[in-house]
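Single-structure report; data block below.
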Amino acid sequence: MRLVVKEVTIDAPVTLVYQLLTDPAHLVRWLADEADIEPRPGGLVRWRHANGDVCTGRVVEAVPSRRLVFTYGWARPEVQIPPGSTTVEIDLAVTPDGTRLRLTHHGLADHMADIHSGGWAHYLSRLVTATGAGDPGPDPFVDQRVPTPAELRGLGVRCDG
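Okay, structure coming up:
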């Protein structure tokens, strides 16, 4: 298992960044076509990308403008990351330049950590754009989906652990 860690500084108030992470109306601007989140312990986390892939989990911890922790997984069983089987921690801190966001994704097998590292980098850049007056525009990942371990093995990627 490997950690995915991403950090970005956003030129926006921490309250706005937290809102973009916890308000479904804002999540659809930068993350997915459909989104639902109940930012309280035990609350639902669910989003659907335009390609039909669905992520789902439960909120573990929600501290307004400071921290959001949720379980995470894919509804498509062949991806082999069942709903709730991994954990995403997002920590926010006020800096002189705005807000520092640190995302840590726990529990991913090595081959899936590589894929999710690229995905999180992509979506965090869209979040940065959405915090300003900018529109991140259509998601270029819209036609892609998380490959299954079987598909990865077919490409010669080692998929154990």
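Heads up: the sequence shown begins at 1 in UniProt numbering, then just goes up one per residue.
For every residue, glycine included, the Cβ atom is placed at its ideal position computed from N, Cα and C.
Bear in mind that the values here come from a model prediction, so they are computed numbers and not experimental data.
Counting along the chain, where does the beta strand (DSSP E) carrying Ile37 start and finish? If you look at Ile37, you'll find it in the beta strand (DSSP E) that goes Glu34 to Ile37.
Roughly how many angstroms lie between the CA atoms of Gly84 and Gly107, to the nearest whole one? Looking at the two C-alpha atoms, the distance is approximately 10 Å.
Tell me the residue span of the beta strand (DSSP E) that contains Leu101. That run of the beta strand (DSSP E) goes Gly98 to Leu108.
Quick check: Leu127 and Leu16, are their CB atoms within less than 8 Å of each other? No, the Cβ-Cβ distance between Leu127 and Leu16 is not below 8 Å.
Just the Cα atoms here: how many angstroms apart are Pro138 and Tyr123? One C-alpha to the other measures close to 12 Å.
Environment of Thr95 [buried if 16+ CB atoms lie within 10 Å]: Of the other Cβ atoms in all chains shown, fewer than 16 fall within 10 Å of the Cβ of Thr95; this residue is therefore exposed.
Please state whether the Cβ-Cβ distance between Val54 and Ala75 is less than 8 Å. In terms of Cβ geometry, Val54 and Ala75 form a close pair [threshold 8 Å].
Cutoff 6 Å; reference Glu7; Cβ partners in own chain excluding five residues on either side: For Glu7, where only same-chain residues beyond five positions count, the Cβ hits under 6 Å are Arg102.
Around the Cβ of Gly161, are there at least 16 other Cβ atoms within 10 angstroms (buried) or fewer (exposed)? Per-residue confidence for Gly161 stands at a pLDDT of 48, beneath the threshold of 50, marking its modelled position as unreliable; the derived number appears in the next sentence. By the neighbour-count criterion, in which 16 or more other beta carbons inside 10 Å mark a residue as buried, Gly161 falls on the exposed side.
Neighbourhood of Ala35 by C-beta distance below 6 Å, restricted to the same chain and skipping five residues each side: The answer, listed in chain order, is Pro24, Leu27, Val28 and Trp47.
Is the beta carbon of Thr87 less than 8 Å from the beta carbon of Val45? Contact flag unset, no.
From Arg22 to Ala133, what does the alpha carbon distance come to, in whole angstroms? At residue 22 the sequence reads Thr, which differs from the Arg that was named. Thr22 and Ala133 have their C-alpha atoms some 19 Å from each other.
Work out the CA separation of Asp33 and Asn51 for me, nearest whole Å. Looking at the two C-alpha atoms, the distance is approximately 9 Å.
Which residue marks the beginning of the alpha helix (DSSP H) containing Val79, and which one marks its end? Careful: Val79 lies outside any alpha helix (DSSP H) and carries neither H nor E.
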